[in-house]
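Written out below as structure tokens is the structure these notes cover.
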Amino acid sequence: QGVSAIDPDFNTQWALLSNVQIERALSDDLSVSLGYINSIGRNMPVQLDTNLTATAATLADGRPIYSSTRPNSTFNAIDVSQSIGQGSYNALTATIGKRMRGGWQMQANYTLAKSTDNAPFPQYVLGAVNEDRISDPSNIDRDKGVAPFNQTHTFALSSLLQPKVSGDGFGARLANNNQLGVIIQANSGLPFSIRTNRDLNNDGNAANDRPIGIDRNAGRLGKVVNVDARYVRF
């Protein structure tokens, strides 16, 4: 049987966040802004099997191959949650906004981002997909890669059209009192890990092994584009 435990030296996770933005007005109703966002996380939880016996053999990428003999033969895996993981998030943002004028209002946002960590945790974290276990309990940096919720490209556009025609004729009454809203959201696909179909390092878990030379979360799901529209007649 396997057991789970908490490291007695487990520390609370902390993060340092910073955000710098510059905004410039181009006209009375048009402005642009550029920004940089950074987040540094430490003491992130990592679950390691501490009941493994390494052999002299290694895989081609340096991962140790373990013996089927357990140091503590009473148990199979002894998973200990430790606060040794690290992560970071960096993003560049660009925004252009137009206030309502001439019957048109608009705001567009683009974000180029990358989030990395060496702390895959086999639980649902921040709504992300269930992560694999650490693939090399002897070196957590071998699992350093993009986070499961990383989206490299994110774009959002919202626009509101409300035409106004002077006069009180039939054409003006038909054109006025209409409102059309459009929202477009597009983002690159979320990452996922490419797994092998067998236990390469003999640690008793086949689901956490990746092919040699394949980084964690190296796969990408397809891009997503949503278009929403709303028409209102007052």
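Residues are numbered in the working numbering as their position in the sequence shown, beginning at 1, plus a constant of 343. Positions of the beta carbon are idealized from the N, C-alpha and C atoms, including for glycine. Computed from a prediction, not measured in an experiment: that's the story for all the values here.
Applying the criterion that 16 or more other CB atoms from any shown protein chain within 10 Å of the CB defines a buried residue, is residue i buried or exposed?
i: Y379; result: exposed
i: L359; result: exposed
i: Q344; result: exposed
i: S509; result: exposed
i: L517; result: exposed
i: A462; result: buried
i: L543; result: buried
i: I483; result: buried
i: Y432; result: buried
i: A490; result: buried
i: N540; result: exposed
Kindly indicate which residue of the options has the alpha-carbon position closest to the one of residue i.
i: V363; options: K441, A434, P388, V567; result: A434
i: S536; options: R413, P554, P407; result: P554
i: T459; options: R385, T539, D352; result: R385
i: D350; options: Q390, D371, L377; result: Q390
i: A348; options: P388, N381, Q356, W357; result: P388
i: R538; options: A529, I557, L523, N520; result: I557
i: D352; options: S361, I383, S501, I427; result: I427
i: T497; options: D479, L455, P491; result: L455
i: A437; options: R367, I526, D422, A420; result: R367
i: T412; options: D479, A490, N521, L395; result: L395
i: G440; options: A515, I526, S501; result: S501
i: M449; options: V525, P480, K487; result: V525
What are the boundary residues of the alpha helix (DSSP H) that includes residue i?
i: Y402; result: Here the sequence assigns Leu to residue 402, which means Tyr is not the residue at that position. Segment: none, L402 is in no alpha helix (DSSP H) and carries neither H nor E.
Can you name the start and end residues of the beta strand (DSSP E) that residue i belongs to?
i: F353; result: Careful: F353 lies outside any beta strand (DSSP E) and carries neither H nor E.
i: Q390; result: 373 to 392
i: R573; result: 567 to 576
For residue i and residue j, what's the separation of their Cα atoms in angstroms?
i: G446; j: N452; result: 21 Å
i: R563; j: R576; result: 42 Å
i: V568; j: S531; result: 9 Å
i: G430; j: N560; result: 14 Å
i: T355; j: Q505; result: 51 Å
i: L533; j: D511; result: 53 Å
i: R485; j: I408; result: 14 Å
i: T417; j: N493; result: 40 Å
i: N415; j: V346; result: 12 Å
i: R476; j: R406; result: 14 Å
i: D392; j: K566; result: 35 Å
i: K457; j: F513; result: 54 Å
i: A397; j: G547; result: 13 Å
i: G470; j: N521; result: The predicted position of G470 is uncertain, since its pLDDT is 49 and thus under 50; a value taken from the coordinates is nonetheless stated next. Roughly 39 Å separates the two Cα atoms.
i: A403; j: L369; result: 57 Å
i: D372; j: R573; result: 23 Å
i: N465; j: Q425; result: One detail in the question is off: residue 465 reads as Pro in this sequence, not Asn. Near 13 Å, if we compare the C-alpha coordinates of Q425 and P465.
i: S361; j: A400; result: 44 Å
i: N519; j: I527; result: 25 Å
i: D571; j: R442; result: 20 Å
Would you say the beta carbon of residue i is closer than 7 Å to some non-hydrogen atom of the ligand NAP?
i: S458; result: Judged by which ligands are present, the structure shown has none, so any question about the ligand NAP falls away.
List, from N- to C-terminal side, the alpha helix (DSSP H) runs of 4 residues or more that fit wholly inside the segment 481 to 545. 513 to 518
Within the segment 399 to 451, ranges of the beta strand (DSSP E) (whole runs, at least 3 residues): 407 to 410, 421 to 444
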